[in-house]
Amino acid sequence: ADANKAYVRYCTSDAFAGDADASDRTYGWRFRGQAVVSSVLQEMARVHHLRFGDTLVFAGCSAGGRGAMFNLDYVPDMVPFGVRVIGLLDSALWVEVPSPLPQQTR
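The opening position of the sequence shown corresponds to residue 1172 in the numbering used here, with each subsequent residue numbered one higher.
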């Protein structure tokens, strides 16, 4: 069986979970981690012909594991219909910490 692997370096500072423009609320920072995940998956589907009946193992470790954990429920909507999605979370760091700005969270 053929297989492809993509390694996406951690580069978004939001555990691949953000979707926010720069604003006063974000202290001028832009967070687009979820868009990065979606774009990588779309590119894999296009270049490597990911299609109905294929299996995608969506994985991450440490902060990437946290990002994989956050995105796993959304991944089936980011890939072509009929692609089976399996998650592999290796050492996903999740620390339950209260927000320092509770009035600014959803």
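Beta carbons are placed, not taken as given, at the ideal position from N, Cα and C, and that holds for glycine.
All figures in this text were calculated on a predicted structure; none of them were measured in a lab.
Under a three-way DSSP split, which group does residue i fall into?
i: residue 1202; result: strand
i: residue 1208; result: helix
i: residue 1255; result: strand
i: residue 1188; result: coil
i: residue 1238; result: helix
i: residue 1230; result: strand
i: residue 1248; result: helix
Would residue i be called buried (16 or more neighbouring beta carbons within 10 Å of its own) or exposed?
i: residue 1227; result: buried
i: residue 1277; result: For residue 1277, the predicted model reports a pLDDT of 49, less than 50, meaning its position is unreliable and no value from the coordinates is stated.
i: residue 1187; result: buried
i: residue 1236; result: buried
Enumerate in chain order the residues of its own chain whose CB-to-CB distance from residue i is below 7 angstroms, with the five nearest sequence positions on each side excluded.
i: residue 1214; result: none
i: residue 1203; result: 1183, 1189, 1190
Just how far apart, CA to CA, sit residue i and residue j?
i: residue 1183; j: residue 1223; result: 30 angstroms
- Sufficient close CB pairs (3 or more, under 8 angstroms) joining the segment 1232–1246 to the segment 1191–1200: no
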